[in-house]
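Residue numbers (my numbering): 632 to 931.
Ideal placement from N, C-alpha and C gives every residue a C-beta, glycine not left out.
Notes follow once the structure below has been shown.
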Amino acid sequence: MNTAEATPERLNINEMSLEQKKLLMQSTYTEKSYFQRLFNQDQLDLPCKPHALAFRQEIERILIGNNLISHAMPLENLHEVMSDDMRAYNFDDGVNKISTYFYDTDAQFKAVYYRFIGFVRENYVKEPFWFQATPTIRIHCPDARNSHHYPRYHSDISYGHPPQEINFWLPLTDILSGHGFRVMSLESSVNALKKFDYDFSAFIHSAIQDKDFSKHCESLAKPAPTEFGNVLAFDSRCIHSGEPLKKHTRISMDIRVLPLSQYKNMDVQYQGSGRRKIIFAPGHCYHEQNSDYFLNYTGK
Ligand SMILES: [Fe+2]
632 MNTAEATPER LNINEMSLEQ KKLLMQSTYT EKSYFQRLFN QDQLDLPCKP
682 HALAFRQEIE RILIGNNLIS HAMPLENLHE VMSDDMRAYN FDDGVNKIST
732 YFYDTDAQFK AVYYRFIGFV RENYVKEPFW FQATPTIRIH CPDARNSHHY
782 PRYHSDISYG HPPQEINFWL PLTDILSGHG FRVMSLESSV NALKKFDYDF
832 SAFIHSAIQD KDFSKHCESL AKPAPTEFGN VLAFDSRCIH SGEPLKKHTR
882 ISMDIRVLPL SQYKNMDVQY QGSGRRKIIF APGHCYHEQN SDYFLNYTGK
């Protein structure tokens, strides 16, 4: 990377006034996005079966390696052998203990991840991009303590992510009675946000605190139809949420990528609003090397 490259002046999102943020959201939600130009829609399933199978095997290997299961088993039944404490959600962040075992993965898992990045670059996003350094792996079990933490309707933008990102949501278990994941169309997302005059924090507050409004969001959001073997790609502006699982364990992985062409032109510095205040920049949230540099040199 050329460190001498000039970085444009960017206003940090967390330093913006409410009015500035509302204006930014209004233009974000009314303009045609990179995603729409690339795929001509706001969400779609893309085939990636060999990668889904490889990830599933990796999850199984890591579960066995950590003595969380003693032998290979259908991952959809994982909740049957997990203790209550493993399944229970931490009420503050909605994360359960079982998912924390996947925060740090090893070289073998990373190799599978980088192969997937190469596949996405070659087949779907046909230009260089920054990519999430560590994918987020989620394991959701039915009948887990604090399940009422969900749903929590949001878009990643509401948590500080750049709107130019592409979201990839990859189920690693069969759909069975539903993945427990819903996504709104872009049109519904815009309409929902418009009611709050593009004040995303007001939207989030209602979506979490107001049961009727949460139900309304649920009626607008459709269950993810993505069969195991496909990845759901969606416009990062689409509002979505996990919801309590009914009968089986769902494991999924989500990653975000940001085309270099989009990153270069951003005049805002996007940063997480949560506890970690993560910066959405290379070497922070994203891998320090872009897809092409990484795939051609480091990851060869
Ligand atoms: Fe999200």
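For this session: From the DSSP output, in three-state form, read off residue 885 for me.
Result: strand
Exercise. From residue 761 to residue 886, what does the alpha carbon distance come to, in whole angstroms?
Worked result: 11 Å
Exercise. Do residue 810 and ligand 1 come close, with the Cβ less than 7 Å from some heavy atom?
Worked result: no
Problem set entry | For residue 802, the nearest candidate out of 817, 796, 768 (CA to CA) | 768
Exercise. Is it a yes or a no for the stretch 641-650 touching the stretch 890-908, going by three-plus beta-carbon pairs under 8 Å?
Worked result: Between the stretch 641-650 and the stretch 890-908, the count of C-beta pairs closer than 8 Å reaches three or more; the two stretches touch.
For this session: May I have the straight-line CA-CA distance separating residue 881 from residue 693, to the nearest angstrom?
Result: The alpha-carbon separation between residue 881 and residue 693 amounts to approximately 16 Å.
Exercise. Run through DSSP, which three-state label would residue 909 get?
Worked result: coil
Exercise. Got a sec? Which residues, its chain only, sit under 7 Å from residue 778 by beta carbon, not counting five neighbours each side?
Worked result: 720, 875
For this session: Measure from the alpha carbon of residue 673 to the alpha carbon of each residue in 919, 753, 682, 794, then state which is nearest.
Result: 794
Exercise. Cβ of residue 847 versus every heavy atom of ligand 1: is any distance shorter than 7 Å?
Worked result: no
For this session: Could you work out which residue in 734, 871, 730, 839 is closest to residue 812 when comparing CA atoms only?
Result: 871
Problem set entry | residue 787: CB within 7 Å of a non-hydrogen atom of ligand 1 | yes
For this session: Classify residue 712 as buried or exposed, calling it buried when 16 or more other Cβ atoms lie within 10 Å of its own Cβ.
Result: A residue is called buried when at least 16 other Cβ atoms come within 10 angstroms of its Cβ; residue 712 does not meet this threshold and is exposed.
Problem set entry | DSSP state of residue 740 mapped onto helix, strand, coil | helix
Problem set entry | Pair within 8 Å by beta-carbon distance, residue 675 and residue 864 | Contact: yes.
Exercise. Got a sec, what are the start and stop residues for the alpha helix (DSSP H) residue 847 sits in?
Worked result: 842-851
For this session: Report the three-state DSSP secondary structure of residue 785 (helix, strand or coil).
Result: strand
Exercise. Given residue 820, which residues of its chain have a CB within under 7 Å of its CB, disregarding the five upstream and five downstream residues?
Worked result: 786, 868, 869, 870
Problem set entry | Close beta carbons around residue 877, own chain, < 7 Å, minus the five adjacent residues each side | 773, 808, 809
Exercise. Does the distance from the C-beta atom of residue 829 to that of residue 653 stay below 8 Å?
Worked result: yes
For this session: Using 7 Å as the cut-off, classify the Cβ of residue 780 as near or not near the heavy atoms of ligand 1, replying yes or no.
Result: Taking the Cβ of residue 780 as the reference point, every heavy atom of ligand 1 lies at 7 Å or farther away.
Exercise. Going by beta carbon distance, what residues of the same chain come within less than 7 Å of residue 844, once the five residues before and after it are set aside?
Worked result: 837, 838
Problem set entry | Nearest candidate by alpha-carbon position, reference residue 666, set 919, 893, 926, 658 | Of 919, 893, 926, 658, the residue nearest in Cα terms is 893.
For this session: Can you grab the Cα-Cα spacing for the pair residue 714 / residue 884, in whole Å?
Result: 22 Å
Exercise. Helix or strand or just coil, what does DSSP make of residue 855?
Worked result: Note: residue 855 maps to coil in three-state DSSP.
For this session: Please confirm whether residue 746 and residue 682 have their CB atoms less than 8 Å apart.
Result: For residue 746 and residue 682, yes; Cβs fall inside 8 Å.
For this session: Following the continuous beta strand (DSSP E) through residue 871, name the residue where it begins and the one where it ends.
Result: Judged by DSSP secondary structure, residue 871 falls within the beta strand (DSSP E) whose first and last residues are 871-873.
Exercise. So is residue 922 buried or exposed if we call it buried at 16+ other beta carbons inside 10 Å?
Worked result: In summary, residue 922 is buried, with 16 or more beta-carbon neighbours lying within 10 Å of its beta-carbon over all protein chains present.
Problem set entry | Contacts around residue 862, its chain only, beta-carbon distance under 6 Å, and the 5 residues preceding and following it disregarded | Shown here for residue 862: same chain residues with a beta carbon closer than 6 Å to its own, the five before and five after excluded, namely 677, 679, 799, 801 in chain order.
Exercise. My guess is that residue 707 and residue 879 are in contact by the Cβ rule of under 8 Å, so how many angstroms apart are they, rounded?
Worked result: 4 Å
Problem set entry | Boundaries of the beta strand (DSSP E) in which residue 762 is found, first to last residue | From DSSP, the beta strand (DSSP E) with residue 762 extends over 760-762.
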